[in-house]
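So for the sequence shown, the working numbering puts the first residue at 57; every next one is plus one. Read the structure below first, then the notes.
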Amino acid sequence: MKYFIVGLPDVANKESYFRIESALKNCGYRMPRQQVVVNMAPADIKKEGLAYDLTIVTAVLAASGQIKADTLDQYIIMGELSLDGGLQPIKGALPIAIQQKKMVLRDLFCPSKMPGKQP
């Protein structure tokens, strides 16, 4: 299986295949056998960190028919994907939530911190 990320990703994004494959496996899904090309447009803006894994895995699952994709474009999906398939919150969620309201999208999926647990 070939896996490519284009659009000025940093090293963490280029290594996302291994994190995504692990998370999928731990959640009972599979990495598709066909070639996967992830376009992280616009190409002139550098993408840093692990916050893209969740949206990439969602797109991979939708493109491979493992989840329904007919309404995905109506949501903002953000969070850090753990190797075990769990989700962690990301910084900057509030401005993204404000933008989601302005865009009149259906909803926002964002993991929150568990009460009583501190990093």
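A virtual CB, placed ideally from N, CA and C, is assigned to each residue, including glycine.
Span of the beta strand (DSSP E), counted from its first residue to its last, around residue i
| i | result |
| --- | --- |
| Ile61 | Tyr59 to Val62 |
| Ile101 | Element bounds for Ile101: n/a, residue is neither H nor E. |
| Tyr131 | Tyr131 to Ile133 |
Cβ of residue i within 8 Å of any chain B Cβ
| i | result |
| --- | --- |
| Cys83 | The chain labelled as chain B is not found in the depicted structure, where only one protein chain is given. |
Reference residue i, options the options, closest by Cα
| i | options | result |
| --- | --- | --- |
| Leu150 | Gly141, Ser138, Met134 and Arg162 | Met134 |
| Arg89 | Leu139, Gln122, Leu110 and Gly141 | Gln122 |
| Ser168 | Gly142, Lys157, Lys158 and Met159 | Gly142 |
| Tyr85 | Met159, Ala119, Lys158 and Glu71 | Ala119 |
Contact check, residue i vs residue j, beta carbons under 8 Å
| i | j | result |
| --- | --- | --- |
| Asn69 | Met87 | no |
| Val93 | Phe60 | yes |
| Lys103 | Gly63 | yes |
| Ala79 | Leu117 | no |
| Ile132 | Leu164 | yes |
Per-residue burial, residue i [other beta carbons within 10 Å of its own, 16 or more giving buried]
| i | result |
| --- | --- |
| Cys137 | At residue 137 the sequence reads Leu, which differs from the Cys that was named. Result: buried. |
| Leu161 | exposed |
| Ile154 | exposed |
| Asp66 | exposed |
| Asp109 | buried |
| Ile152 | exposed |
Boundaries of the alpha helix (DSSP H) in which residue i is found, first to last residue
| i | result |
| --- | --- |
| Leu110 | Asp109 to Ala119 |
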